[in-house]
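Data block below; observations after.
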Amino acid sequence: SAVISQKPSRDICQRGTSLTIQCQVDSQVTMMFWYRQQPGQSLTLIATANQGSEATYESGFVIDKFPISRPNLTFSTLTVSNMSPEDSSIYLCSAQGAYTEAFFGQGTRLTVV
Amino acid sequence: GQQVMQIPQYQHVQEGEDFTTYCNSSTTLSNIQWYKQRPGGHPVFLIQLVKSGEVKKQKRLTFQFGEAKKNSSLHITATQTTDVGTYFCDVSGGGNKLTFGTGTQLKVEL
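If you want it as structure tokens, here you go:
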């Protein structure tokens, strides 16, 4: 199993600013992903964080808005840029090895005012 | 594209009653995973099913994979308040980005 430390756990931000969320895994993992979840809804995949190369974004998400870094096999960041109230949500990172179950960070509850 | 529906969307039960959620796919699946998310928490892996018709049990939880590998069910016997949460199926095929179902939110009343 893997333990993922995600921070911050929550934040209240002014519109137009940016927030960077960090995820640290206690072991090397093959894949890391970033999700967004609205209250009471399922998880929506934002992107796959690729180690040493640009992230792979899902439809509706772009690098300028959600830049992602993954400098090594245990760490990744997601930045929510130029925030608006519509970006208020819970953001989750997950990590998994090949053909194993996924483990999730505790989530970041973001409120944009 | 692949469509994954879970039913019901919500379920309220009295403690001690049974509960079942179903996950239905429009395509044949290689495998299926189930996750539980407590209120305010993050998804936690429960089980993986791989074989056609496979049945696995974890205490009061019974997981089943359909013979055609297009659907799956999670059944909880004699629910307890600790079972409260949202149950998601994932049809990613394991080792790939998760493709979550719509989820079933379970509430258990005393």
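Protein sequence lines, in the order shown, are assigned to chains A and B.
Note that the working numbering has the first sequence beginning at 348, numbered continuously upward.
Note that the working numbering has the second sequence beginning at 61, numbered continuously upward.
Beta carbons are placed, not taken as given, at the ideal position from N, Cα and C, and that holds for glycine.
Own chain partners of residue i with C-beta closer than 7 angstroms, once the 5 adjacent residues on each side are dropped
i, result
"residue 364 of chain A", "430"
"residue 359 of chain A", "458 and 460"
"residue 126 of chain B", "132"
8 angstroms Cβ cutoff met for residue i and residue j
i, j, result
"residue 385 of chain A", "residue 428 of chain A", "no"
"residue 159 of chain B", "residue 66 of chain B", "no"
"residue 116 of chain B", "residue 89 of chain B", "no"
"residue 388 of chain A", "residue 454 of chain A", "no"
"residue 395 of chain A", "residue 403 of chain A", "yes"
"residue 377 of chain A", "residue 443 of chain A", "yes"
"residue 424 of chain A", "residue 375 of chain A", "no"
Expected contact under 8 angstroms - CB spacing of residue i and residue j to nearest Å
i, j, result
"residue 164 of chain B", "residue 69 of chain B", "7 angstroms"
"residue 139 of chain B", "residue 78 of chain B", "7 angstroms"
"residue 92 of chain B", "residue 106 of chain B", "Wrong, their Cβ atoms sit about 11 angstroms apart, outside the cutoff."
"residue 102 of chain B", "residue 122 of chain B", "Actually they are not in contact, since the Cβ atoms of residue 102 of chain B and residue 122 of chain B sit about 24 angstroms apart, beyond 8 angstroms."
"residue 397 of chain A", "residue 417 of chain A", "6 angstroms"
Own chain partners of residue i with C-beta closer than 6 angstroms, once the 5 adjacent residues on each side are dropped
i, result
"residue 434 of chain A", "427 and 459"
Neighbourhood of residue i by C-beta, 8 angstroms cutoff - its chain only, sequence neighbours within 5 removed
i, result
"residue 167 of chain B", "70, 71, 72, 73 and 144"
Contact residues within the segment 374–385 of chain A, judged by C-beta distance below 7 angstroms to chain B:
380
May I ask you to list, following chain order, the residues of the segment 89–107 of chain B that have a beta carbon less than 7 angstroms from some beta carbon of chain A?
93, 102, 103 and 105
Could you tell me which uninterrupted beta strand (DSSP E) segments, each at least 3 residues in length, are contained entirely in the segment 390–443 of chain A, listed from first to last along the chain?
390–396, 415–419, 422–427 and 436–443
Ordered list of beta strand (DSSP E) runs contained in the segment 81–157 of chain B, each at least 3 residues
92–97, 104–109, 115–118, 121–125, 131–136 and 145–150
Using Cβ-Cβ distances below 9 angstroms, what residues of the segment 74–87 of chain B are close to chain A?
none
Using a Cβ-Cβ cut-off of less than 8 angstroms, give me the residues of the segment 426–454 of chain A that come near chain B, in sequence order.
439, 441, 443, 444, 445, 446, 447, 448, 449, 450, 451, 452, 453 and 454
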